[in-house]
Amino acid sequence: MANHGIKNNYRHKYLDRALVRLGNQRLLGQFVAGLFAFLITTFGIVGRSVGEVIPHAVYPNSQVGVIGHGWGHGYGMGQWGALGYALDGESYSWILSHYYGGTSPKIVGNSNIRVVITGEDGLTTIVTSQSPFTVDSYTVPANQAVMLVEAPNSQWAVYQGPGCGGPWASKPLETVSSPLISPSSSSTTATSSQVLQLCQLPANEYLRGDIEPALYQGSSRTVNVLPIESYLRGVVPSESPAYWGTLGNSGPQQENCGFQELEAQAVAARSYALSDLGEFGYADICDSTQCQVYGGLSSENPLTDEAISDTAGEVLENGQGAIANTEFSASTGGYTSGGSFPAVPDAGDSVCVPSACNPNHTWQASIPVSQVEATWPSIGTLVAISVTSRDGNGDFGGRAKTVQITGTNSSLTVGGTTFEADFGLNSNFFAFTGTPSGGTDGYWLVSSTGSVFPFGQAGSFGSLSGKAINGSIVGIVPTLDMNGYWLAGTDGSVYAFGDAIDYGNVKGLSLNPIVAITSTPDGKGYWLVASDGGIFAFGDGQFYGSMGGKSLTRPIVGMTSTPDGKGYWLVAADGGIFAFGDAQFYGSTGAMTLNEPIISMSSTSSGQGYWLVASDGGIFAFGDAQYYGSLPGEAVYSTATSMVTTPDGLGYEIATSNGEVHAFGDAPLYGDLSVPDPGYSGTIASVALRVGN
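Right, here's the structure in full:
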């Protein structure tokens, strides 16, 4: 099964049969421990911020880990996504309008199309048939063959022989400028014994329509000329598995829902083929993944034939009245690429069918560091590698637009698509994993019952699993060296694990519930904040003011400190911001009507901005904070409970109550509890990044 791509200049992908779990990370090098600047904390979420990234002398691993989404360029329709939507009950018309925004349907005639058979490029055209066939005015007997050889003055000499292997007559039947080979029957019901066979190894290719030779830059070509509707019979089952039409319950026309994907594929393939006729000069389109796959009569299937017949002549027209260039790919990874059509979420891409889940929704790869160094020898020894810009659509912050490769001698930047092609990746929708990058190499999730779940290189230093606690756990904060953490409970308890030091708590006091814990930048203290805005400072944490005793429209739900620890922000459920000490006000959602309440906040490494996150995963950025995506934008409808930002401020993760972690921008993704851990109970309350050191 092939996947369609940009004509002539894009490598295409094939659908396969393996499913990989999610994960991603951006690699920027290691952080020098003495440069850690401060610890960002919020309700249920914590991260460490740094002022400067100084790469280590060499890359820390022998392999560059890659996590990615999708297969192919992602323009227009995703075949797996279309199937997902079809199985959800959407019609083929809806599917097409979703992926190809701004187009409208139109009916065209059954005109001929010229298809170059790329497997014959540079080879002599040899044709046979089990029935008599013609070459211009000559009739060739059944099971005989003809060979077309280039002659002087752009002529072709036609030789006859007893079969594909010759021997050939000493004199040609004719020498003409454009010999046309035609079958005994051009009927749509013609069988393999009646159509032409293109002589190939290991087996002949059965083709409807006519065959003619051509020249391109002095090299021979073989072209199949046939009606567009006949051509599609060899395309649709080569692009979308015919069995998809048997999946699902009754759809819009009472056939199986999956049949709608085949109809969508038929319209997309027809439109694409007719959108740029004459592109090659001697032909209109090719038969490979460089255009769209055409397998001839041998690929035909009754189900896809029916889908083609049901949509006969239907194409999509763009706003300028031309047939739209309806590119498609195997898998968009959850979000299409912008281009001729608006980029849109692709919720259907994560579909599972009885035989397989979409194996390309998420994939992993490893690139040897030696290969990176050999590809760009001018950099010297690899130090760091990172995605430096993205298109802003979907997970990770979108597809990689530029990648920076840093070495001991120099640094360079390449396009994301170039990087994909250089290392044979499935798409340019990727991030880097597996080593400290952006200062992160793992994270912890903590549940409301105090169970701690480490991912990546985050260590396990203990938890409250199975222990009786009062109230619920609301936050986790790592120590400066990442060899321990604190948990905070609604009753004011603080639990220290690993090398974390207990600096005190407010357990037993008659207080409003504690909603967040925030560490001081040097890790020698922390603050607790209560729902009424009361602040409690421990260790070297200083008190700079609070909302305790003041009237609040909505309760406080989160807190984060400034980079120097000489101030902090509180956020209320309506998004109201309260700044204390050297914290500055950069905006709020206090005057907005929110779909869901705010549940957490996090500040940028500069201290000149912050993000707010709502319980539906909506993100609000203020000051120098940048927007990299949100759960609603990814069509994720889980309840968000916390967020954390990467140290370089180029991404963030959102944790949900059911244990999922969703990464945006350069944020790492090492796994989650979407498949629950046996020790998982309660709901996830917090996530904290482990910063590489």
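Numbered per the working numbering, the sequence shown spans residues 1095 to 1787.
The beta carbon of each residue, even a glycine, is placed where N, CA and C say it ideally should be.
Suppose you measure from the CA of F1672 to the CA of W1663; what does that come to, to the nearest Å? Straight-line Cα distance between these residues: approximately 6 angstroms.
Taking DSSP as the reference, what is the three-state secondary structure of E1747? Here E1747 sits in strand by DSSP.
In DSSP terms, what S1480 is bridged to: Partner(s): Q1498.
In the DSSP output, what is Q1291 paired with across the bridge? According to DSSP, Q1291 bridges with T1222, Y1300.
So if DSSP puts I1651 in a beta bridge, which residue, or which two residues, is it bridged to? Checking the displayed sequence, the identity of residue 1651 turns out to be Val instead of Ile. Bridge partners of V1651: none, in fact.
Are the Cβ atoms of A1719 and T1735 separated by less than 8 angstroms? Their beta carbons are not under 8 angstroms apart, which means A1719 does not touch T1735 by this criterion.
By the three-class DSSP mapping on this structure, what secondary structure does S1205 have? Coil at S1205, not helix or strand.
Which whole-angstrom value is the C-beta distance of Y1186 and E1357, which I expect to be below 8 angstroms? Confirmed, about 4 angstroms.
In the DSSP output, what is A1251 paired with across the bridge? DSSP output for A1251 lists V1243, T1269 as bridge partner(s).
Can you give me the Cβ contacts of E1728 inside the same chain, cut-off strictly under 6 angstroms, excluding the 5 residues immediately before and after it? Counting only Cβ-Cβ distances below 6 angstroms, and skipping sequence neighbours, we find nothing.
Where W1250 and T1219 are concerned, what is the direct C-alpha to C-alpha distance, given to the nearest angstrom? If I take the Cα positions, the gap works out to 11 angstroms.
C-alpha distance - H1150 paired with V1477, whole-angstrom precision: For H1150, the predicted model reports a pLDDT of 37, less than 50, meaning its position is unreliable; a value from the coordinates is still stated below. H1150 and V1477: Cα-Cα distance of roughly 6 angstroms.
Quick check on the DSSP output: the alpha helix (DSSP H) that includes R1315 runs from which residue to which? Careful: R1315 lies outside any alpha helix (DSSP H), inside the beta strand (DSSP E) at 1313 to 1321.
Please go through the stretch 1655 to 1727 and give each complete beta strand (DSSP E) segment of 3 or more residues, from N-terminal end onward. If we require 3 residues or more, the beta strand (DSSP E) runs fully inside the stretch 1655 to 1727 come out as 1661 to 1666, 1671 to 1675, 1692 to 1697, 1703 to 1708, 1713 to 1717.
Inter-residue CB distance, Q1386 and A1180 (contact presumed, cutoff 8 angstroms): No, Q1386 and A1180 are not in contact; Cβ-Cβ is about 20 angstroms, not under 8 angstroms.
Pairwise C-alpha distance: N1412 and H1756: Approximately 35 angstroms between the Cα atoms of the pair.
Nearest to L1558 (by Cα), restricted to the options S1541, Y1169, Q1294: Per the C-alpha coordinates, the member of S1541, Y1169, Q1294 positioned closest to L1558 is S1541.
Quick one: what does DSSP say G1509 is sitting in, helix, strand or coil? In the three-state reduction of the DSSP assignment, G1509 falls in the strand class, which pools E and B.
Length-filtered (3 minimum) beta strand (DSSP E) runs lying within the stretch 1326 to 1400: Entirely contained in the stretch 1326 to 1400, not one beta strand (DSSP E) run reaches 3 residues.
Whole angstroms is fine: what's the gap from D1213's alpha carbon to V1738's? Asp is not the amino acid found at residue 1213; the sequence shown has Gly there. Cα to Cα, the separation comes out at about 52 angstroms.
Contact set for G1492: own chain, Cβ-Cβ below 6 angstroms, skip 5 residues either direction: Taken in chain order, the residues that qualify are R1484, D1485, G1486.
H1192, enclosing alpha helix (DSSP H) - first and last residue: Taken as a continuous stretch (DSSP letters only), the alpha helix (DSSP H) holding H1192 covers 1186 to 1193.
Three-state secondary structure (DSSP) of A1180: Residue state, collapsed to three classes: helix.
Does the Cβ-Cβ distance between A1418 and S1365 come in under 8 angstroms? Taking 8 angstroms as the Cβ cut-off, A1418 and S1365 qualify as a contacting pair.
May I have the straight-line CA-CA distance separating Y1169 from C1380, to the nearest angstrom? Their backbone Cα atoms lie some 19 angstroms apart in a straight line.
Can you tell me where the alpha helix (DSSP H) with V1466 in it begins and where it stops? Start and end: 1463 to 1469.
Which term fits D1668, buried or exposed, when burial requires 16 or more other beta carbons within 10 angstroms of its beta carbon? Result: buried.
Short check: CB of A1631 to CB of G1569, under 8 angstroms? No, the pair does not count as a contact, with Cβ atoms beyond the cut-off.
For the beta strand (DSSP E) containing A1590, name the first residue and the last one. Under the DSSP assignment, A1590 falls in the beta strand (DSSP E) whose first and last residues are 1588 to 1592.
Say whether the stretch 1573 to 1580 touches the stretch 1610 to 1627, bearing in mind that this needs 3 or more beta-carbon pairs closer than 8 angstroms, one atom from each stretch. Contact holds: three or more Cβ-Cβ distances are below 8 angstroms.
Mark S1287 as exposed unless 16 or more other C-beta atoms lie within 10 angstroms of its C-beta, in which case mark it buried. Exposed, since its Cβ has fewer than 16 Cβ neighbours within 10 Å.
Taking the beta strand (DSSP E) that E1411 falls in, what are its first and last residues? DSSP places E1411 inside the beta strand (DSSP E), whose first and last residues are 1408 to 1411.
Taking buried to mean at least 16 other C-beta atoms within 10 Å of its own C-beta, is L1309 buried or exposed? The Cβ neighbour count for L1309, taken over all protein chains shown within 10 Å, is under 16; the residue is labelled exposed.
What is the rounded straight-line gap between the Cα of T1340 and the Cα of T1543? Near 46 angstroms, if we compare the C-alpha coordinates of T1543 and T1340.
Can you tell me which of the three DSSP states F1490 falls into? It is helical.
Alpha carbons only, please: which of N1350, V1319, N1522, A1363 is nearest the one belonging to T1511? Out of N1350, V1319, N1522, A1363, N1522 has the C-alpha closest to the C-alpha of T1511.
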